[in-house]
Structures are given as C-alpha cells and as structure tokens.
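K.L.:
Chains as they are written, first to last, in our numbering: chain A, 1 to 491; chain B, 1 to 491.
2 protein chains.
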Amino acid sequence: MKKSTIDNAETAMDEQEKNGLAPDQPDSLEERGSSIPNSQEEENRLASEFVRQIVSLIEEGDNQAVYDMVAPLHPADIAELFAQAPVEIRRPLAAAITDLMSGEVISEMNEWVREDLLKSLTGQEVANIIAQLDLDDAVVIVSELDAQKQQETLQALSSEDRAAIERALSFPLESAGRMMQRNLVAVHENMSVGDVIHYLRQNDDLTTDFWEVFVVDPSHRPIGTCKLSKLLRMPRHALIQDIMQPEQTLIPVTMDQEEVALRFQKYGLISAAVVDESGRLVGMITVDDIIHIIRDEADEDILKLSGAGDGDINEPVLDSYKSRVRWLITNLGTALVASTIIGFFEGTIARMVELATLMPIVAGVGGNAGSQTMAVTVRALATNQLTASNCVRSITRELRIALLNGLTVACVLGAGTWLVFHNVLLTEVIALAIMSNIIIGGLAGVLVPLTFDRAGSDPAVASSIFVTMTTDAMGFLTFLGLATVSGLTGA
Amino acid sequence: MKKSTIDNAETAMDEQEKNGLAPDQPDSLEERGSSIPNSQEEENRLASEFVRQIVSLIEEGDNQAVYDMVAPLHPADIAELFAQAPVEIRRPLAAAITDLMSGEVISEMNEWVREDLLKSLTGQEVANIIAQLDLDDAVVIVSELDAQKQQETLQALSSEDRAAIERALSFPLESAGRMMQRNLVAVHENMSVGDVIHYLRQNDDLTTDFWEVFVVDPSHRPIGTCKLSKLLRMPRHALIQDIMQPEQTLIPVTMDQEEVALRFQKYGLISAAVVDESGRLVGMITVDDIIHIIRDEADEDILKLSGAGDGDINEPVLDSYKSRVRWLITNLGTALVASTIIGFFEGTIARMVELATLMPIVAGVGGNAGSQTMAVTVRALATNQLTASNCVRSITRELRIALLNGLTVACVLGAGTWLVFHNVLLTEVIALAIMSNIIIGGLAGVLVPLTFDRAGSDPAVASSIFVTMTTDAMGFLTFLGLATVSGLTGA
C-alpha cells in the first residue's frame, strides 16, 4: 500500500506513553463509543415501535413525555420522525418539541413534510429558523416557499442575510451559485503555516465545516488549495505557496449541479472553490451537499424513466396524480399507434384468431429488450461515460447483444410454438418476428436516448415512451405482417 | 445564517496586510487558477477530438507524442481516456505511457476496462501497482482478479500488505470491512492539541487523506472525534477530551455498504470509525468512497428494474448477453400467462375482432401505472423512507392516486372509443376495464416490492416481472371478460 497499513493509532498511543502521559482508564468511558440510540433499528431506521409510542403520546397530549423521548435524537432522526409520523400528528409534534426544532432538523427534513409544516408558520417564524442555517440550506427552504411567504420571510431577515439569499436566488435553479457556501477560509500565498493557524485561532466566527483552505491572489482569484491535514503536518514557518497544491478544480457559479456532482466524483473532491465570470472566488461547495445531489439525480432518472414525476412518497396525492396522469395520457396516445397497426390486420386476425393470442408476446419481449438497452444508455449518458468518442462502438455493442438475445429467444419461442400448434409456418413467422423486434428494441434503446441527448433534451424523460411505442408498433407490424404475406392465414 | 456570510477571505487578506506582509502580484499567477485543460470539453468529458488524436498517434506508433499529450492529465482523466479509446488501442496505450499508469489511474478506471488491462500483466506487475494503492482500492482490484492471478499477486506483495489484503478479503463482499482504510489517525483523550499537532508533524508516513482524528480509550475503542478544523482553531494547551465531539456514528465492520452509505448521507459524515465485534477501532471509511457507492447503488436499481444486469457499457458483450437473456426468457414465461388468458377468449375475439385491436391499450396503460408506483416504492425502500411506520399510509396513498388516474384515463379512452365505434356497451366495457387495471397496477406497484422487501429479497430485482405480469394478465382478463359477460359480442 501507499503508506504503512500498520494501525497508526497504536503509534500515537505508544508515543504518548513515551512522553510520560500515562493513560488512565475510567470505566464509564466504555459506553461512550456506542452511539446508536435504542430508538433505532439496525438499518438506520427509526424503530416503528418508537414512532408508534410518540404518536400515541401526542394523541394523549403528553407533550412532556414526547419531549423527553425526542430530545436525545440526532437532528436527522428527528427529521425522519416527522416523515414517519402520520400527517395529522406532525404539527402537534412540532408544537410539543418547539425548542428541539433546530435549523438542522428543518433542513434535514423531507421537502414535502417541511413544506407542509412551514405553511403553518408566519414569515417571522420561518425567518427565525432560516437565521440558524447555512446559506445553501437557507436558500433551498426560501425557494420552496410560496411568493407571499417568501417576501414576508425575506423582510423579516437581517439585511445582510437577505442580501446573501437574494444573491443566491439570482442564480439559475440547480446551479452551483445556489448550492455554495459563502463562508469559507481563503488565505494569501505569502502567509506561513503559523500565520494561517493564528488567523484561524483568532477568528471565532469562521465556519468549522471546512476541510481545506483556499489560496487566493490579491485580486481574489484562487491559485491553489491546502488540505487541513497538510497544514497540520507542516512546520509553522513553511510558506503556504510552497505547500499548497497549485492545481485545483474550479466550479463556475452557473454550472449545473449534476455537472458539479460529476466533477466531485471524478476528481474525488472534498470541497471546491466556486468562481464568478471574472474568475474571482465567490464561494465553496462541500462534499456533503454533493451526496444528496448524486442520490437525487440517480433517483430522478429512475422516476423519469417510469414517468413517476418527482415521485416522493411524501408528495401530496394531487401533485403525484397530476404528474402521473399526464404520462398515462401520453401513453394512451402512443398505444393508439400500436392499436391502429393491429386494426390494419383485422382481416388476418379474423381468419386466424390464435394470432391475437400470440401477438402480445412479440410486442412485450421486444419492449423489454428495449428497456434494458435504454436503462444502460440513459445511465451511461448521465454519468458521462457515453460520449462522441465511443458512441458508434456502443451502438455496435448493443446490436451484437440484441442479435444474440434475438436468436436465443426466437429458438425458445419457436420451439414452444411448434410444440403447441404443430404449425411450421406459424413457428417461422413468430421466431422471425420476435428476433427482429428484439433487434429493433435494442437499436431503439440506444438510438432514442442518444438522439434526445444530442438534441439537448434529458434522455430519461421521454425515451421510454418512444422506445415502447416503437417495439409495440413494430412487434405487431412484423408479426401480423409476416403472417399475412407468408400466406399463413391462407388469404 | 448561522455564521456571518461576509466573505471571510477578505478578512484574511486584510489581516495579513495589517501584519505587514504586502501581497505581491506576479502576472504569471493569473493563469494558475484555471485548471480545466484543453483536453476537456465543458461538461467534464474528455474532448472527442483529443481522444481521436491519441488513437491516431498510437496507430502511427508515435509513443512519445502520446506521452507528451497524456502527461498533463489528471489520473481520473487518464482512466477515462482508456474507457473512451477503442478496445484494441488500450494495451498499446498503456505500453506508451507506462510510467504514467499510477495506482490512482488504475483505481479510477472502469472495472471492465481495468480487468481487461490487468489480464495482460503478470502477478508481479499487478503487485507493483497494488503496492502504490490505498488498502480499499487494492482490495477492490485484487478481488476482481481470477483465482490464479490473485494468488500470484498476493505472493508477490510484501507480507504486511498481503496480510492486510487477506484480512479485508475475509469480510463479506460489499461490507464495511472491505471498504475501510486501516491508515488513520487515532489519539488519546489526555493529549493536548499541541501534542496532537506535534505527533502529526513528527510522523511523515501518516496518511494525508484524513479529515478528523479519532479519540480512543486505552483498549482502543472510539470515544469521540475531533475535526481538523476544530484542532486548528483551539489553543495548543486545550485537551482533546474537552474539545472532542463525544457522540459519533460507528460502523460495524460487517455492515453492508449500502447501509454505510445511508448512514453517511443521513448524518452528513465526512469520515467514520469502523469497529470490530468487541468495539475496537479497526479502520476508517471516508466520504469519497461513499460517493461511488451511492451512485452505484442507485444505478443498480435502475438497471435491475429493467433487467439489464450490471449494465455497464464497457461490460463484455457475452456477459451482458447472459444477464439480459435470462431476463428476456423469464419475461417470455410471464408473457405466456397473459397469452393463455387471451386464449380463453378466442371465441369472443372471433365474434368481435376489434377487441384484439383495443386490448393492448388496456394492458399497456395499466402496466405503465404499475411501473410508476413501483419506481417510487423501490426507491423509497432503498433509501429507508418506506418503513413499517408508514407502509399502510403509502398503500392508501397509492390507491387514491390510482383511483384518480383510473377515472381520468377511463373518461378519455371512453370518449375516444365512443367517437370511433359509436358503441355504448363497448365504451362502458373499455372504460371499466382500464380503470380497474390502473387500480390493479397501482396496488401491484406498491404491494409487490413491499412483499419482496419483507421477505428479505431485493425488491428491485424481480418486482417489474411480477407487476407487468399482473397488469397484462388482469388487463386482458377484465377487458375480454367484461366484453363476454356484458353480452357485447352477442354470445
């Protein structure tokens, strides 16, 4: 390995003993290492028994008992408690534990749960919560408020906080400017390690959530970074310019959050400097904000592919209905295309009604082959793995897989058809039809998302409608068409 | 906001000027802030023109030119270059830039690309690469090797490295024990800030990738943590026990990586201590390893839902074929269920062949409604949002959405059917059928994944087969069944 894998902790302990600081062993410490409270099940969830108890205590009006149970929880667990509790319990719960409702609890909360809770508060009350938050969390919450509450809240904030939030809101939705912290540590390259430590010790109001310091030139442009671990390692007299890492990944303030997340992933960043158009350092993004985005963006792709909109289980029923029904109606439209094609062959079906029994198999399996390819393609596009350099190669690859899949499925389905119907021509027709539909599905699964991506649209949104329409329509067309022209139905 | 949002960088600069360290302004520094090399397009991708140049230089055998172009790249970009380059170019490319093939390049590489490259190396050569890596990355690579190459590689390693890797490999696949670093900084609570800084400065072989120090008791159990930013802020004489944060999230060494990732997300962790069965500190997991897991786990769900297996665009064709064809054959089996149901109604269809034209609409739209609900449910389960506490509520919620969707789509489809066929009974039959199938889809979409989850299986793997089978079968059954019993076809 790069460095010794000996457990360095032991070294630290040994050294300390050498220094004569004999360790003492208070028994009571034994328990302190364990931090998973009883309120939790093993898998990071609040125990449902715990939630039930809270709910029944709220119903009994025993707010003090509720407070005592909730007080030891981590803010993230309190936030989760609200999501787990039934809707009608949430406001009384918030009232019972008012002074535990810290900014952290609010910002960790599921957005729909939070939106509902904040509706019951005045602009002044929301402003009091906002005032405890980091800028990026504050911006998220303010942007979720309706226009009037947003105005009230902004008015109730200090002019400094208001200006910071309004500036952040002026950046595009989901851009780096909305996610960044303005509270960061920037130093000059001529400072020594000792100067920096002195500066950090003297300034109590600096953030504690930073993992590297940014080195800037006199016009405030980033010229390097220095990890805190490095700062701690170097002698006090060392100059920052000699120990800083001069290359760094800069984030333009208008960059989309998905691109920011990809950059963090690719370069393994812990934090990164955000710069404005003229290259000046205006903020910092840290990895903890990125984690939520990576999950959200991947979730978005799953949900978009299935047309489920925002798809959160806490979303109000009417919102879910609106986004889903739009998709179902669109789907109805594309189903009509397939239906129309079947309509052309009503005569053929009337002569051999078994075709109606078999045709959904051809369409369905082709659709599945298309969905497989599409899922792979959409994710490869989203993670920048599929680019102009390897796009032809990817299409060829999918075609080869589709050929193999098509041959295999055609053999299986053909054998089955022959065993049931003892009709050679029908066997040939269905085998040929399913093979070509699997190939069509494979091609559509890669070409449709690629085309949307090239055209600048999100391939996750509309691809599956087009792919399914293609495999349905072509499945019915090839199967019923081949049945007609082959003379299978004797027409 | 929690702390002043004034840009603290300015404060640092001002203070420095007060200290008399006048900033100088070398012009050449202006360029140093910009770190996006020409080799990149705006969106974190290698420019395809750059890749093309490399490929043609390799083909011409101009290795020196290739080396000069690749040398300035970040290791993550070199790794990406291999994925973008055609397969036959990859080994000559590796040969042309041998001494740029650092451990970091190898560990950043797409696993399929890496596997192919490592095949051409001897165990000794792989061992030389492994020796440069952090333990967690080394473990990943060793576990990917085939049995024989794995043995050769382990033999060629130093006994210390071999022991560390073998110990990690003894933990279950995808567990915390496989992901953890053993190289961490642990200190005793009686040490002062000055002691810790002294210890860090004296020990050159410590890792630089750490963001907090772990505080342990004499039997090496974690009792607290201290962020480096806090360490830098506190006076030298402060004792660690007074400034450490006593609560912390401990990761059991056998915990599944998905649970580890959820814990990092929920509690916003940068690093966490890994403990063995007896609660002793045995390793550390850092957030940069978690980011990959979060993305991979979400990607896995998308790909599993569509039956696309591992689904990477770099996976060998035969591997993709094997995982996908298994799914298609399974799908063929479930399609037979639907087909059999249609078979029962051949008489009905023969009497009114339009039914064959309309029936795929009922099945398809119901299937879509099921997929929407399923995607929401699978993600809510994966992110621990859907638990015993809110499961009944979620089912009710989906039922209400399904009712609204069903009513709306039934009206639209009914109106369309009436306009085309002017047949009141047919209109009633199709409207009733699609409404009930959308409700069935909505229920199946939440109940199927919930059942798999309760039974301890991964709901993403098999849910979509069962949901589609249900909506197909029930769609045909309700539509053709209603058509038969209503007397629509005059039977």
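A virtual CB, placed ideally from N, CA and C, is assigned to each residue, including glycine.
Per the DSSP calculation, Phe214 of chain A is bridged to which residue(s)?
P.N.:
Answer by DSSP bridge pairing, in chain order: A:Ala186 and A:Thr225.
K.L.:
Compile a chain-ordered list of the residues in the segment 167-190 of chain A whose CB is closer than 7 Å to at least one CB of chain E.
P.N.:
Checking the listed chains, one finds no chain E in this structure; the protein chains it contains are A and B.
K.L.:
When the Cα atoms are used, what is the spatial distance from Ile465 of chain B to Thr373 of chain B?
P.N.:
So the two alpha carbons sit approximately 14 Å from each other.
K.L.:
How is Thr286 of chain B classed by DSSP in three states: helix, strand or coil?
P.N.:
Correct three-state label for Thr286 of chain B: strand.
K.L.:
In chain A, which residues lie with their C-beta within 8 Å of the C-beta of Ala369 of chain B?
P.N.:
Neighbours of Ala369 of chain B on chain A, chain order: Arg324 and Leu328.
K.L.:
Using the C-alpha atoms, what's the distance from Thr340 of chain A back to Val420 of chain A?
P.N.:
Their Cα atoms are separated by approximately 29 Å.
K.L.:
Using a Cβ-Cβ cutoff of less than 8 Å, which residues in the same chain neighbour Met474 of chain B once the five nearest sequence positions on both sides are dropped?
P.N.:
Same-chain partners within the cutoff: Gly366, Ser436, Asn437 and Ile440.
K.L.:
Tell me, please, whether the segment 342-361 of chain B touches the segment 148-164 of chain B by the rule of three or more beta-carbon pairs shorter than 8 Å.
P.N.:
Short answer: they don't touch.
K.L.:
Within 8 Å (strictly less), CB to CB, does Arg201 of chain B reach chain A?
P.N.:
So yes, Arg201 of chain B belongs to the interface.
K.L.:
Looking only at C-alpha atoms, which of A:Cys391, A:Arg400, A:Val51 and A:Pro72 sits nearest to Glu247 of chain B?
P.N.:
It is A:Pro72 whose Cα lies nearest to the Cα of Glu247 of chain B.
K.L.:
Tell me the rounded alpha-carbon separation between Trp327 of chain A and Pro459 of chain A.
P.N.:
The straight-line gap from Cα to Cα measures roughly 15 Å.
K.L.:
Rank B:Val317, B:Val337, B:Gln241 and B:Ala433 by C-alpha distance to the C-alpha of Thr396 of chain A and give the top, closest one.
P.N.:
Closest option to Thr396 of chain A, Cα to Cα, is B:Val317.
K.L.:
Whose CA, out of B:Ser120, B:Arg393, B:Val185 and B:Leu482, lies closest to the CA of Val446 of chain B?
P.N.:
That would be B:Arg393, whose Cα lies nearest to the Cα of Val446 of chain B.
K.L.:
Output yes if chain B places a C-beta closer than 8 Å to the C-beta of Arg233 of chain A; else output no.
P.N.:
Taking Cβ atoms only, chain B reaches closer than 8 Å to Arg233 of chain A, which makes this a yes.
K.L.:
Flag Arg32 of chain A as yes if its beta-carbon sits less than 8 Å from any beta-carbon of chain B, otherwise no.
P.N.:
Because Arg32 of chain A sits at a pLDDT of 34, beneath the cut-off of 50, its placement in the model cannot be relied upon, and the point is left open.
K.L.:
Should Val365 of chain A be flagged as near chain B, meaning a C-beta pair shorter than 8 Å?
P.N.:
Yes - at least one Cβ of chain B is within 8 Å of the one on Val365 of chain A.
K.L.:
Per the DSSP calculation, Val392 of chain A is bridged to which residue(s)?
P.N.:
In DSSP, Val392 of chain A forms no bridge with anything.
K.L.:
So Ile58 of chain B is in the alpha helix (DSSP H); what residue range does that whole segment cover?
P.N.:
Ser48 to Glu60 is the extent of the alpha helix (DSSP H) around Ile58 of chain B.
K.L.:
Less than 8 Å between the beta carbons of Ile285 of chain B and Val274 of chain B, yes or no?
P.N.:
In this structure, Val274 of chain B lies closer than 8 Å to Ile285 of chain B by Cβ.
K.L.:
Are the C-beta atoms of Gln265 of chain A and some chain B residue less than 8 Å apart?
P.N.:
Answer yes: the Cβ-Cβ gap between Gln265 of chain A and chain B drops below 8 Å somewhere.
K.L.:
Compute the beta-carbon to beta-carbon distance between Arg324 of chain B and Gly309 of chain B, rounded to the nearest angstrom, for a pair I have assumed lies under 8 Å.
P.N.:
So it is a contact: roughly 6 Å between Cβ atoms.
K.L.:
What is the DSSP secondary structure of Ser271 of chain B, reduced to helix, strand or coil?
P.N.:
If DSSP states are grouped into helix, strand and coil, Ser271 of chain B belongs with the strands.
K.L.:
Check whether chain B comes within 8 Å of Pro449 of chain A, counting only Cβ atoms and requiring the distance to be less than that.
P.N.:
Taking Cβ atoms only, chain B never reaches closer than 8 Å to Pro449 of chain A, which makes this a no.
K.L.:
What's the gap between the Cα of Lys304 of chain B and the Cα of Val461 of chain B?
P.N.:
In a straight line, the C-alpha of Lys304 of chain B is about 5 Å away from that of Val461 of chain B.
K.L.:
So is Ser158 of chain B buried or exposed if we call it buried at 16+ other beta carbons inside 10 Å?
P.N.:
Exposed, since its Cβ has fewer than 16 Cβ neighbours within 10 Å.
K.L.:
Using the C-alpha atoms, what's the distance from Thr417 of chain B back to Leu426 of chain B?
P.N.:
In a straight line, the C-alpha of Leu426 of chain B is about 8 Å away from that of Thr417 of chain B.
K.L.:
Taking the beta carbon of Leu133 of chain B as the centre, do at least 16 other beta carbons fall within 10 Å, making it buried, or is it exposed?
P.N.:
Classification of Leu133 of chain B: buried, given that the 10 Å Cβ count is 16 or more.
K.L.:
Where do the N-terminal and C-terminal ends of the alpha helix (DSSP H) with Leu482 of chain B fall, by residue?
P.N.:
Note, Leu482 of chain B: alpha helix (DSSP H), Pro459 to Val485.
K.L.:
Please classify Lys322 of chain B as buried or exposed, where buried requires at least 16 neighbouring CB atoms within 10 angstroms.
P.N.:
With fewer than 16 other Cβ atoms within 10 Å, it is exposed.
K.L.:
Kindly indicate which three-state DSSP category Gln385 of chain A falls into: helix, strand or coil?
P.N.:
Residue state, collapsed to three classes: coil.
K.L.:
Relative to the C-alpha of Phe479 of chain B, which residue among B:Arg91, B:Val287, B:Ser463 and B:Phe344 is closest?
P.N.:
The candidate whose alpha carbon is nearest that of Phe479 of chain B is B:Phe344.
K.L.:
Tell me whether the segment 174-187 of chain B and the segment 253-262 of chain B touch, counting them as touching only if at least three CB pairs, one residue from each stretch, are closer than 8 Å.
P.N.:
Yes, since at least three Cβ pairs between the segment 174-187 of chain B and the segment 253-262 of chain B fall closer than 8 Å, the two stretches touch.
K.L.:
What's the gap between the Cα of Leu523 of chain B and the Cα of Phe264 of chain A?
P.N.:
The structure shown does not extend to residue 523 of chain B, since chain B spans only 1 to 491, so no value can be given for it.
K.L.:
Roughly how many angstroms lie between the CA atoms of Asn110 of chain B and Trp211 of chain B, to the nearest whole one?
P.N.:
Going from the Cα of Asn110 of chain B to the Cα of Trp211 of chain B covers about 27 Å.
K.L.:
Taking 8 Å as the cut-off, decide whether the C-beta atoms of Ala47 of chain B and Leu57 of chain B are in contact.
P.N.:
Not closer than 8 Å, so no.
K.L.:
Any idea what DSSP makes of Ser306 of chain B, helix, strand or coil?
P.N.:
Three-state result, Ser306 of chain B: coil.
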